[in-house]
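One structure is given here, and the rest of the page talks about it.
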Amino acid sequence: MSGLGWGLKSLRRHRLRAVLSVAGIAISAALLLDMVMLSGGIERSFTELLLSRGYQIRLTPKGTLPFDTEATLTGAGRLVEAIRRVPAVAAAGAVLGTSLHARRGDSLVTLFGYGIQPEAQALYTMLSGSDLAPGDSSGVLLSEPASRLLHAAVGDSVTLIGRLDPQVVTERLGRTLKVSGIVRWVYDYRGQPSVGTVLSVMQSLAGQRRDDRASLLTVRAEDDSLAATVAAGLRREFPQLEVNSVADLVRHFKQRLVYFRQLAYILGSMSLVVTVLLIGTLLTINVNERLGEIATLRALGISRRTVVREIMLEGAVLTTVGSIIGIVLGLVTARYLDGILTSFPGLPAAFSFFVPRRDSLATAGIVLLLTGTLAALYPAWLAATSPVAATLRAEAT
Amino acid sequence: MTPLVRQSGRLLVLVTMTLSTRLPAQLPEIAIERRLASELDLAVGDTIRLGPAADSIRFAGVVAAIYEPRSDPAEIAKGEWHLRMHLPDLTRLLGTPDRVDRLSIGLRGGISADSAAARLNRSAYGYRAHSSRVIASESSQTFRVVSRFHRAIAIITIVASAVFLLCIMLLKVEERRLDAAVMRFVGVRRRTIFGALLLEAVLVAALGSLLGTGLAYLAGAATNAYYRRFFDTLLTFSLITPDIIWFSVMLSLVLGAGAGAVAAWRLVHTKPLVLWGRG
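Taken in order, these protein sequences are the chains called R and A. Our numbering numbers the first residue of the first sequence as 6 and each following residue consecutively. Our numbering numbers the first residue of the second sequence as 479 and each following residue consecutively.
Spelled out as C-alpha cells, the structure:
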C-alpha cells in the first residue's frame with residue numbers, strides 16, 4: 006500500500022475526528038488566507054489606485070498629503086511650467102479641490118469640485134460624452150452621482166455656485182456651465198457627487214484665482230523606473246513643497262492603517278497555531294492508538310524513515326484537504342469582510358482591503374502545507390522511537 | 479432674535495473680551511499640545527514663528543501653555559500635531575478675516591437640540607445646523623465599521639474555536655476507550671460511564687475557560703500597553719467586559735459538554751471488546 010493510501014485508510018478509520026479536524030483546518034486556512042490578503046491588499050490596492058492614471062508623483066503644500074487638509078499652494082501655473090521643464094518629466098498638472106453648490110430646482114445641493122488641467126489630469130476616466138479641452142471655460146464634467154443629483158445629462162446646463170453669503174442671503178461667484186461628459190473620479194468615495202472644470206474656472210468659483218491656488222500638482226515621469234530620481238530632483242528644486250512618490254504615499258497610508266496589518270499578522274499567526282494544534286493532537290492520538298500496528302510493521306522490517314514519512318504524509322493529506330476547502334471559504338469571507346471595510350466613510354470607492362491574487366493564495370497554501378507537515382513531526386518522532394519489543398509484548402497481554 | 483442666536487453671539491463677545499485684555503505690545507498667545515512641544519523642544523515662554531505656507535512663516539507668537547489633548551480615536555492614526563490660538567489671531571494668520579469653519583451653540587435648559595437645529599435649517603442659507611448627537615453619530619461611522627469588522631472576525635474565530643474544541647473533546651473522550659472497556663467488563667453501568675465521561679468533559683471545559691479568561695486578560699493588557707505606547711495615547715484598545723467573559727465561558731461549557739456527550743454516547747454504545755481492541 007502506498008504512503009498516501011495508508012494515511013487515507015488511517016483517517017477513514019476515525020471519520021468523525023478526521024472530519025472535525027478538516028473542518029477546523031479549513032476555517033483556520035480561510036482565516037489565514039483572508040489575513041494574507043488583508044496584509045498585502047491595502048498596499049496593492051492603494052498603489053493601483055495611485056497609479057491608475059500613470060502619474061507617479063504628487064506635490065502638495067509642505068507637511069501635507071493630497072486632499073488631507075484644505076491647505077493650498079500658490080502660483081500653480083508657474084510651478085507646473087517649471088516642473089514640465091524638468092528632464093524626464095512627461096506630464097504635470099495642477100488640481101484644486103473645493104466644495105461648492107449647485108442649483109436644483111429651487112434648492113441648493115453641495116458638491117465636491119475638482120479644478121483640473123485636462124491636458125495632464127490624473128483624476129478621472131471618461132464614461133460618456135467628451136473630455137474638456139484645455140482652456141474650455143464653458144464645460145463641466147460630472148460624476149454619475151452628481152449627474153443623478155442634479156438631473157443633468159451630457160449637453161444640459163448646470164449652475165455652480167462657489168460661495169453663499171449667509172449675512173445677506175445671496176449667491177456669490179456663480180457660473181452656468183454645459184455638461185461635457187460623465188466621468189468616474191478615481192478618488193471619489195461611493196456616491197460622492199463631484200464635478201470638474203478647468204482649473205481657472207474652479208479657482209474663480211472658489212475665490213482662489215488671484216493667487217493661482219491649487220491643492221496639489223501631479224507629475225508623470227517618462228518611465229516608472231525614473232520616478233524616484235525625478236521625485237528627488239523635485240524635492241531639491243522645490244523645497245517649499247512636499248514631494249511624494251507613490252511609494253512615499255503608500256508608506257504614509259500603511260502607517261495610518263497599521264492596525265489592520267498588525268491584526269492580520271496576529272490572526273494569521275493564531276490560525277497557524279490552531280492548525281498545528283489540531284493536526285498535532287489528532288496525529289498523536291492516532292499514533293498512540295496504532296503503536297502496536299506500527300511496532301508490527303517495524304518488526305517486519307519497515308524502516309523508521311518509512312514510518313516517519315507515512316505519518317507526515319497523513320498530516321499533509323489533512324492539511325491539503327482542509328486548505329482546499331479553506332481557500333474557497335476564505336475567498337467567500339474575504340468578499341464579505343471587504344464589503345464591511347470598504348464602507349469606511351471617505352474611502353475611495355475603487356479601494357479594496359482584500360485583494361485576491363495568485364501569490365496570496367500560493368503564500369497561504371505553502372505556509373499551511375509546511376505548518377501541517379511540520380505539526381506531524383512530533384507524532385512521527387513518537388512512532389519512530391517507540392520500542393518495538395516492549396510495544397508488541399504490551400499488545401499481546 | 480431667538481435664544482439660540484443670542485447664545486452664539488455671547489461666544490463671539492467672549493473672544494473679543496479676551497482680545498481686549500491683551501496688551502498691544504504682547505505677542506499672540508499659543509497653546510501647544512504636549513507631543514508637539516516635546517518634538518520641537520518647546521517650553522512655556524518660547525517664541526515661535528508660524529505661517530500658512532512653508533515660504534511665508536512670518537507670524538510670531540509666544541507659547542502660553544502646553545496641554546494634553548483629549549484622546550480621540552479618530553485622530554490617533556493620523557499622527558497630526560495641534561496647537562490652539564485665539565480666533566482673531568488665526569484668521570489674521572490665514573488671511574481669512576471673519577471666517578470660521580463652524581459655530582458652537584449652547585441651548586437654554588429644556589430646549590431640544592434637534593428641534594432647534596431643524597428650526598435653524600428652515601431658514602439656513604450657506605450653513606447647516608446639526609445637533610451634537612447627530613455629529614457624534616456621523617463622526618462615529620468609522621468606529622461602527624471597525625466594530626462590524628471585529629464582529630465578523632469574532633464570528634469566524636468563534637466558529638474555528640468551536641470546531642477546535644469539539645475535536646479536542648472528542649479526542650479526549652476517545653482516549654478513555656480502554657478505561658471504558660474495563661469498566662464495562664467489571665459491570666459498571668453505561669449510564670455511570672456516560673456520566674463520568676461527561677463530567678470529565680465539563681471539568682476540562684471549565685478549566686479551559688478559566689485559563690482562557692486569564693489569557694484574555696493578559697492579551698488585553700499587552701494589547702493596551704503596546705498600542706498606548708505605539709500611538710502615545712491613553713485610549714483603551716482592548717476592553718474585556720463581564721458580558722464577554724460570560725458569553726465565552728458559557729459557549730465553552732456548552733460546546734465542551736455537547737462534544738463530551740456525543741463522544742461519550744458513542745463510546746458507551748461500542749462493544750467492550752471493540753473498545754479493548756479485540757472486537
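The beta carbon of each residue, even a glycine, is placed where N, CA and C say it ideally should be.
Closest residue to residue i among the options (Cα-Cα distance)
i, options, result
"phenylalanine 621/A", "Asp550/A, Ile718/A, Ala658/A", "Asp550/A"
"arginine 431/A", "Ala591/A, Ile723/A, Phe709/A, Leu644/A", "Only positions 479 to 757 of chain A appear in this structure, which leaves residue 431/A out of reach."
"threonine 325/R", "Val191/R, Ala87/R, Ile371/R, Ala151/R", "Ile371/R"
"arginine 180/R", "Arg168/R, Ile187/R, Trp190/R", "Arg168/R"
"glycine 46/R", "Leu366/R, Ala95/R, Ser205/R", "Leu366/R"
"serine 230/R", "Gly201/R, Ile62/R, Ile329/R", "Ile62/R"
"asparagine 249/R", "Arg261/R, Ala236/R, Gly212/R", "Ala236/R"
"proline 71/R", "Arg83/R, Ala99/R, Ile187/R", "Ala99/R"
"isoleucine 544/A", "Leu528/A, Lys556/A, Asp519/A", "Asp519/A"
"arginine 89/R", "Arg109/R, Glu227/R, Thr376/R", "Glu227/R"
"aspartate 616/A", "Ala158/R, Thr376/R, Phe349/R, Pro353/R", "Position check: residue 616/A holds glutamate in this sequence, whereas aspartate was assumed. Looking at the Cα atoms, Phe349/R is the closest of the given residues."
"alanine 127/R", "Ser133/R, Gly134/R, Tyr119/R", "Tyr119/R"
"isoleucine 554/A", "Ser135/R, Tyr264/R, Val191/R", "Tyr264/R"
"leucine 585/A", "Leu598/A, Pro575/A, Gly573/A", "Leu598/A"
"alanine 739/A", "Ile508/A, Cys645/A, Tyr705/A, Gln619/A", "Cys645/A"
"aspartate 161/R", "Ser391/R, Val278/R, Leu182/R, Thr289/R", "Leu182/R"
"arginine 667/A", "Thr569/A, Pro750/A, Pro566/A", "Pro750/A"
"glycine 364/R", "Val41/R, Met275/R, Arg20/R, Arg310/R", "The residue you asked about is not glycine; residue 364/R is aspartate in the sequence shown. Ranking Val41/R, Met275/R, Arg20/R, Arg310/R by Cα distance to aspartate 364/R puts Val41/R first."
"alanine 34/R", "Val337/R, Val251/R, Ala96/R, Ile166/R", "Val337/R"
"asparagine 293/R", "Pro720/A, Arg706/A, Lys650/A", "Lys650/A"
"aspartate 141/R", "Val206/R, Phe243/R, Thr74/R", "Val206/R"
"asparagine 291/R", "Trp190/R, Pro384/R, Val91/R, Asp39/R", "Pro384/R"
"serine 476/A", "Ala607/A, Thr569/A, Ile613/A", "Residue 476/A lies beyond the stretch modelled for chain A, which goes from 479 to 757, so this question has no answer here."
"glutamate 400/R", "Leu262/R, Phe117/R, Leu132/R, Arg295/R", "Arg295/R"
"valine 623/A", "Ile166/R, Ile121/R, Thr347/R", "Thr347/R"
Simplified DSSP assignment, three categories, for residue i
i, result
"lysine 749/A", "coil"
"isoleucine 526/A", "strand"
"isoleucine 544/A", "strand"
"isoleucine 613/A", "helix"
"valine 200/R", "strand"
"proline 384/R", "helix"
"glutamate 553/A", "coil"
"aspartate 519/A", "coil"
"proline 66/R", "strand"
"arginine 215/R", "coil"
"threonine 52/R", "helix"
"arginine 597/A", "helix"
"leucine 585/A", "coil"
7 angstroms Cβ shell around residue i - same chain, five flanking residues per side excluded
i, result
"leucine 137/R", "Pro123, Gly144, Leu146, Ser185, Val203"
"alanine 31/R", "Gly327, Ile330, Gly331, Leu334"
"glycine 68/R", "Glu247"
"serine 152/R", "Ala158, Ile187"
"serine 135/R", "Ser185, Gly186"
"leucine 55/R", "Val251, Leu254"
"alanine 96/R", "Ala125, Arg225"
"valine 281/R", "Thr376, Ala380"
"serine 57/R", "Val191"
Cβ neighbours of residue i in the same chain (closer than 8 angstroms, five flanking residues each side left out)
i, result
"glutamate 546/A", "Glu511, Arg512"
"threonine 378/R", "Met317, Gly320, Ala321, Thr324"
Residue i: CB within 7 angstroms of a non-hydrogen atom of the ligand NAD
i, result
"tryptophan 190/R", "In the structure shown, the ligand NAD is absent, as is every other ligand, since no ligand is present at all."
Own chain partners of residue i with C-beta closer than 6 angstroms, once the 5 adjacent residues on each side are dropped
i, result
"alanine 658/A", "Ile671, Leu745, Leu753"
"glutamine 267/R", "none"
"tyrosine 60/R", "Ala127, Thr223, Arg225"
"isoleucine 647/A", "Just to set this straight, residue 647/A is methionine in the shown sequence, not isoleucine. Closer than 6 angstroms at Cβ, skipping near neighbours: Ala679, Gly734, Ala737, Gly738."
"glycine 82/R", "Asp217"
"arginine 195/R", "Ala354"
"leucine 374/R", "Thr324"
"alanine 76/R", "Pro66, Thr69"
Flag this pair as touching only if the stretch 312 to 327 of chain R and the stretch 273 to 287 of chain R have three or more C-beta atom pairs under 8 angstroms; answer yes or no.
-> Yes, since at least three Cβ pairs between the stretch 312 to 327 of chain R and the stretch 273 to 287 of chain R fall closer than 8 angstroms, the two stretches touch.
With contact counted as at least three CB pairs below 8 angstroms, one residue from each stretch, are the stretch 43 to 57 of chain R and the stretch 351 to 361 of chain R in contact?
-> Between the stretch 43 to 57 of chain R and the stretch 351 to 361 of chain R, the count of C-beta pairs closer than 8 angstroms reaches three or more; the two stretches touch.
Cβ contact (3+ pairs, closer than 8 angstroms) linking the stretch 709 to 720 of chain A and the stretch 665 to 685 of chain A | Flag = no, the stretch 709 to 720 of chain A and the stretch 665 to 685 of chain A do not touch.
Ordered list of beta strand (DSSP E) runs contained in the stretch 251 to 288 of chain R, each at least 3 residues | Listed in chain order, nothing qualifies, since the stretch 251 to 288 of chain R has no complete beta strand (DSSP E) run of 3 or more residues.
For the stretch 25 to 43 of chain R and the stretch 191 to 206 of chain R, state whether three or more C-beta atom pairs, one from each stretch, are separated by less than 8 angstroms.
-> At 8 angstroms Cβ cutoff, the stretches do not touch.
Three CB pairs or more closer than 8 angstroms across the stretch 639 to 652 of chain A and the stretch 723 to 736 of chain A | Yes, they touch.
Segments of 4+ residues assigned as alpha helix (DSSP H) that fall wholly inside the stretch 68 to 110 of chain R | As far as the stretch 68 to 110 of chain R is concerned, its whole alpha helix (DSSP H) runs of at least 4 residues are 81 to 89.
Meets three-Cβ-pair contact criterion under 8 angstroms: the stretch 375 to 391 of chain R and the stretch 289 to 309 of chain R | Contact between the stretch 375 to 391 of chain R and the stretch 289 to 309 of chain R is present, with at least three C-beta pairs closer than 8 angstroms.
Can you list, in chain order, the stretches of the alpha helix (DSSP H) that have 4 or more residues and sit fully within the stretch 136 to 170 of chain R?
-> 149 to 155, all fully within the stretch 136 to 170 of chain R.
Entirely within the stretch 330 to 391 of chain R and at least 3 residues each: give me those beta strand (DSSP E) ranges in chain order.
-> Qualifying beta strand (DSSP E) stretches: none in this window.
Unbroken alpha helix (DSSP H) runs of length 4 or more, entirely within the stretch 598 to 679 of chain A: which are they?
-> Counting only runs that start and end inside the stretch 598 to 679 of chain A, the alpha helix (DSSP H) elements of at least 4 residues fall at 610 to 617, 619 to 652, 655 to 663.
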